[in-house]
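Student:
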Amino acid sequence: MSVLFPKSFNAFPTIAAVVAVGGLSTAVAGFWYYATPKFWQVGYMPTQPSTGFSHQIHAGKLGMDCRYCHTKVEQSPEANIPNVATCYGCHAETRLAAWQTQRVGFVREAYAKNESIEWRRVHKLPDYVRNFPHHIHVAAGVSCYSCHGQITAMPIVYEAHSLSMSWCLDCHRNPEASLVPKDKVTQLVWVENHLKARAAGGTGANAEQIKISLERQPPQGCGACHY
Ligand code: HEC
Ligand code: HEC
Ligand code: HEC
Ligand code: HEC
Ligand code: HEC
138 MSVLFPKSFN AFPTIAAVVA VGGLSTAVAG FWYYATPKFW QVGYMPTQPS TGFSHQIHAG
198 KLGMDCRYCH TKVEQSPEAN IPNVATCYGC HAETRLAAWQ TQRVGFVREA YAKNESIEWR
258 RVHKLPDYVR NFPHHIHVAA GVSCYSCHGQ ITAMPIVYEA HSLSMSWCLD CHRNPEASLV
318 PKDKVTQLVW VENHLKARAA GGTGANAEQI KISLERQPPQ GCGACHY
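Heads up, the numbering used here is the position in the sequence shown plus 137, with the first residue counted as 1.
So, in structure tokens, the structure goes:
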């Protein structure tokens, strides 16, 4: 990308050069926009090392907020994966049935050995895409649901959307359709019902107010997402 979009781009001496480079990048962008296979990663679900950790149980049945474990999602670009101590806080000693106690054995073993659990990464953008800013999306009122799907119903997390460039840009061109009140961002069941009702023309919550709260339009320029 750095070859195609040098920092000195705007300082090119002749208009002809600008037109030539601009034409090339438009062609490249056009090609990739349409050629990136939209669904090729949808459904990607790597096997996790210790079978049994379930979002459906923790975030669904038990109703735990995403931020209990993904503590940094509002402050940092990265949404962190919780460490073993977070799990151990509840699973050190449990009042669970014996079969369940057995199923959380791997948490205690890892804690006792001071080891981390090697979770397999599900969502990963290529290196030529800039660090994806979670905090900015969450602060703008884009729910986890819009990008990760209904996590509270997933025993094992899988990729619900392609994460392709056209997928990013489809929302950046029309962000209002996805915005929810900021205090609902992690309430995925509420959000799913709300967005579906709104898309069907029903009375979503205060759409106007949500619109006003977006101070900046999402970027569409190449440099916002690429080096
Ligand atoms: C009890 C702790 C806990 C809670 C609560 C929790 N998560 Fe997670 N999350 C994890 C762990 C551990 C992993 C890594 C293992 C896996 O992928 O299942 C993970 C992985 C993920 C991933 C996949 C990350 C990747 O590798 O790409 C997403 C997306 C995610 N969580 C979203 C959510 C959302 C949204 C919520 C709230 C509805 C939530 N989580 C609530 C612990 C939690
Ligand atoms: C806030 C407390 C809490 C935290 C934190 C927590 N758990 Fe749990 N976990 C529970 C409870 C309660 C159950 C039993 C739920 C049920 O089956 O109704 C459970 C069940 C489980 C089970 C058994 C699932 C089954 O099949 O019944 C596993 C495995 C597990 N947790 C792993 C983890 C891991 C790994 C983490 C850290 C990423 C974690 N838990 C964090 C409370 C917690
Ligand atoms: C606008 C889309 C979007 C929203 C909103 C979003 N995510 Fe993500 N998430 C992504 C993308 C894209 C990645 C992959 C990032 C990368 O590879 O750098 C990701 C990665 C993750 C990961 C894996 C991080 C890691 O280091 O392994 C977790 C966990 C996660 N998201 C949780 C959440 C939670 C929880 C929320 C809601 C509070 C949320 N995300 C909201 C798009 C989003
Ligand atoms: C569902 C909607 C949605 C999706 C999908 C989405 N975004 Fe965004 N994005 C937004 C909104 C809304 C903003 C504006 C946030 C603000 O500035 O308040 C934004 C802003 C950004 C910004 C600017 C951050 C800044 O510093 O101002 C970057 C970079 C970005 N998005 C990257 C991405 C990438 C990369 C993807 C795809 C992997 C993506 N987004 C997918 C809604 C989305
Ligand atoms: C909102 C964020 C965003 C913007 C803006 C953006 N891109 Fe992308 N771009 C991405 C993401 C995410 C991918 C990775 C898609 C994938 O993995 O399939 C990508 C992939 C690409 C690729 C594919 C590279 C390869 O080797 O596969 C090219 C080329 C590219 N973008 C060029 C551009 C150009 C040129 C522009 C400006 C017209 C642009 N992008 C604007 C997010 C963005």
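All C-beta atoms, glycine included, are put in the ideal place defined by N, C-alpha and C.
Quick one, are the C-beta atoms of residue 322 and residue 275 less than 8 Å apart?
Tutor: Stepping through the sequence shown from its first residue, residue 322 is reached at position 185. Stepping through the sequence shown from its first residue, residue 275 is reached at position 138. A contact, by the Cβ cut-off of 8 Å.
Student: Is residue 273 near ligand 1 - that is, is its Cβ less than 7 Å away from at least one heavy atom of it?
Tutor: As a first step, residue 273 is located in the sequence shown; it is residue number 136 there, counting from the start. Flag unset: Cβ of residue 273 not near ligand 1.
Student: Got a sec, what are the start and stop residues for the alpha helix (DSSP H) residue 304 sits in?
Tutor: On the sequence shown, residue 304 is found 167 positions in, with the first residue counted as 1. Start and end: 302-310.
Student: In angstroms, rounded to a whole number, what distance separates the CA positions of residue 369 and residue 209?
Tutor: This structure gives no information on residue 369, because the portion of the chain shown stretches from 138 to 364.
Student: By Cβ distance below 7 Å, which residues in the same chain neighbour residue 192 in space, the five residues on each side in sequence not counted?
Tutor: Within the sequence shown, residue 192 is the residue found at index 55, counting from 1. Excluding sequence neighbours, residue 192 sits near 288, 289, 291, 294.
Student: Taking Cβ positions, are residue 317 and residue 278 nearer each other than 8 Å?
Tutor: One-based indexing of the sequence shown puts residue 317 at position 180. One-based indexing of the sequence shown puts residue 278 at position 141. A contact, by the Cβ cut-off of 8 Å.
Student: Whole angstroms are fine: how far does the CA of residue 363 sit from the CA of residue 172?
Tutor: Counting from 1 along the sequence shown, the entry for residue 172 is found at position 35. Counting from 1 along the sequence shown, the entry for residue 363 is found at position 226. Low local confidence applies: a pLDDT of 45 at residue 172 is under 50, so the model's placement there is unreliable, and no value is given.
Student: Using only alpha-carbon positions, find the residue among 286, 222, 228, 220 that is nearest to residue 181.
Tutor: In the sequence shown, counting from the first residue as 1, residue 181 sits at position 44. When only C-alpha atoms are compared, the closest one is 286.
Student: So, with DSSP's three-state summary, where would you put residue 325?
Tutor: Counting from one through the sequence shown, the residue named residue 325 turns up at place 188. Residue state, collapsed to three classes: helix.
Student: In this structure, how does DSSP classify residue 298 when only helix, strand and coil are distinguished?
Tutor: Position 161 of the sequence shown, counting from 1, holds the residue named residue 298. Coil at residue 298, not helix or strand.
Student: Does the distance between the C-beta of residue 297 and the nearest non-hydrogen atom of ligand 4 fall short of 7 Å?
Tutor: Position 160 of the sequence shown holds residue 297. Checking every heavy atom of ligand 4 against the Cβ of residue 297, none is found closer than 7 Å.
Student: Report, in whole angstroms, the separation of the C-beta atoms of residue 270 and residue 214, which I expect to be a contact under 8 Å.
Tutor: Within the sequence shown, residue 270 is the residue found at index 133, counting from 1. Within the sequence shown, residue 214 is the residue found at index 77, counting from 1. Right, the Cβ-Cβ distance comes to about 5 Å (below 8 Å), so this counts as a contact.
Student: Under DSSP, the alpha helix (DSSP H) around residue 275 begins and ends at which residues?
Tutor: Taking the sequence shown and counting its residues from 1, one reaches residue 275 at position 138. Counting along the chain, the alpha helix (DSSP H) containing residue 275 begins and ends at 271-277.
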